[in-house]
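The block underneath contains the structure these notes are about, expressed in structure tokens.
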Amino acid sequence: MPALYLVLCRFQELLGEVWNAVDSGHCLQTYSLHTEAVRAARWAPCGRRILSGGFDFALHLTDLETGTQLFSGRSDFRITTLKFHPKDHNIFLCGGFSSEMKAWDIRTGKVMRSYKATIQQTLDILFLREGSEFLSSTDASTRDSADRTIIAWDFRTSAKISNQIFHERFTCPSLALHPREPVFLAQTNGNYLALFSTVWPYRMSRRRRYEGHKVEGYSVGCECSPGGDLLVTGSADGRVLMYSFRTASRACTLQGHTQACVGTTYHPVLPSVLATCSWGGDMKIWH
42 MPALYLVLCR FQELLGEVWN AVDSGHCLQT YSLHTEAVRA ARWAPCGRRI LSGGFDFALH
102 LTDLETGTQL FSGRSDFRIT TLKFHPKDHN IFLCGGFSSE MKAWDIRTGK VMRSYKATIQ
162 QTLDILFLRE GSEFLSSTDA STRDSADRTI IAWDFRTSAK ISNQIFHERF TCPSLALHPR
222 EPVFLAQTNG NYLALFSTVW PYRMSRRRRY EGHKVEGYSV GCECSPGGDL LVTGSADGRV
282 LMYSFRTASR ACTLQGHTQA CVGTTYHPVL PSVLATCSWG GDMKIWH
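Start counting the sequence shown at 42; every next residue gets the next number (the numbering used here).
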């Protein structure tokens, strides 16, 4: 089955599952690699491998067809987010319940670099275009820690480029890069999506804010459509909302789930296909 027809699920259980998203809707394979909850799972850019991390501190890169573990590592913190480097796919960033993020090299099986801030948890990681810079969102949200809510990093040197990006007193559970414009989105616990420039000093737009959904403490995901015309987000009340990127007006609302919708992602090849998932563990494919 070509990888473009598959969708990957990660659960707050011990499993990862691969489903046929377009044709049958059936679960094709279940991977039981972890001894505690799997909180992060990511397709490798080649589409044939799955990188997973969990509360058991373990990291695994698994071949989709054979189930063989191509890489295994052990973090020193519980893992909640993973991102492959956009240029060198042998490198990934790992974050979670720690003041540090780690860059791993799959070829050596070792940590190549660490990035440390005065925080307790990394919520999400976002590489910018060429991979020389990346952003992290954190659990810091009090008035005296607003300079740590979103941090821009130099990937090669581990230096902080800027921590003066988002000054409102809300955490940002997810980040998304626009596919065409030099901007990124931050999902906020203020129940809105904020828009920022990807160019230093990463200014937040005061004119465009995407409102109408609810976050309410859930790790609600957001994403841009492949063409960049729409933004999609889940909502704590189970809805799926789409906004016009240009006008910030609501383009569509889907009554998706009975529990909080925490994940939304467009198909990488079929732009009219959208996958959503809920806090209750169910997943839906929309055409």
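Just so you know, even glycine gets a beta-carbon here, dropped at the ideal spot from N, CA and C. For clarity, every value in this text was computed on a predicted model and none was experimentally measured.
What would DSSP say about residue i, mapped onto helix, strand or coil?
i      : result
Arg291 : strand
Arg80  : strand
Arg189 : helix
His101 : strand
Trp320 : coil
Leu311 : coil
Leu272 : strand
Gln162 : coil
Tyr259 : coil
Tyr243 : coil
Gln205 : coil
Asp180 : coil
Ile147 : coil
Ser155 : strand
Glu222 : coil
Phe211 : coil
Arg248 : strand
Lys124 : strand
Glu106 : coil
Gln228 : strand
Lys325 : strand
How long is the line joining the alpha carbons of residue i and residue j, rounded to whole angstroms?
i      : j      : result
Leu74  : Arg287 : 43 Å
Glu171 : Asp117 : 28 Å
Leu315 : His308 : 6 Å
Arg83  : Thr122 : 9 Å
Thr107 : Ala81  : 21 Å
Ala158 : Gly137 : 12 Å
Phe196 : Ser155 : 10 Å
Leu176 : His126 : 12 Å
His254 : Gly304 : 13 Å
Met153 : Ala85  : 19 Å
Val48  : Met142 : Bear in mind that the predicted position of Val48 carries a pLDDT of just 49, short of 50, making it unreliable; the figure below should be weighed with that in mind. So the two alpha carbons sit approximately 27 Å from each other.
Thr317 : Met283 : 12 Å
Ser260 : Thr109 : 31 Å
Ala277 : Met324 : 15 Å
Pro267 : Ser313 : 9 Å
Leu100 : Val240 : 32 Å
Ser319 : Glu252 : 20 Å
Arg221 : Cys135 : 26 Å
Phe98  : Thr306 : 26 Å
Asn230 : Leu102 : 32 Å
Ser246 : Lys124 : 26 Å
Trp327 : Leu169 : 28 Å
Leu311 : Ala217 : 19 Å
Cys87  : Cys213 : 29 Å
Compare the Cα-Cα distances from residue i to each of the options and report the closest residue.
i      : options                        : result
Ser215 : Ile166, Pro242, Ser203         : Ile166
Gly150 : Asn131, Ser238, Leu164         : Asn131
Thr198 : Ala235, Val281, Ala144, Leu236 : Ala144
Gln300 : Ile192, Asp129, Val256, Ile206 : Val256
Ser290 : Thr229, Leu272, Thr109         : Leu272
Glu209 : Gly304, Gly279, Phe96, Ile191  : Ile191
Cys263 : Tyr243, Leu234, Ala277         : Leu234
Phe207 : Asp195, Thr305, Thr274, Leu226 : Leu226
Tyr243 : Ala181, Val261, Gln205, Pro267 : Gln205
Val224 : Ser319, Phe237, Gly95, Tyr251  : Phe237
Gly258 : Asn232, Ser246, Arg115         : Asn232
Ser285 : Arg249, Thr103, Ala78          : Arg249
Val79  : Trp327, Gly322, Ile326, Thr239 : Gly322
Lys201 : Glu174, Glu222, Asp180         : Glu174
His296 : Val310, Val281, Thr306         : Note that residue 296 is Gln in the sequence shown, not His. Minimum Cα distance to Gln296 is reached at Val281.
Arg89  : His298, Leu111, Phe98, Leu100  : Leu111
Phe211 : Ala217, Cys135, Ala181, Glu252 : Ala181
Arg148 : Gly114, Lys124, Arg247, Ile326 : Gly114
Asp146 : Asp129, Val310, Ala217         : Asp129
Under the assumption that residue i contacts residue j (Cβ atoms under 8 Å), give the Cβ distance between them as a whole number of angstroms.
i      : j      : result
Cys265 : His219 : 5 Å
Ala193 : Ser178 : Not really, about 11 Å apart at Cβ, beyond 8 Å.
Gln228 : Thr163 : Incorrect: roughly 15 Å between the Cβ atoms, too far for contact.
Ile160 : Arg189 : 6 Å
Phe133 : Leu92  : 6 Å
Glu77  : Gly95  : 5 Å
His298 : Gly279 : 4 Å
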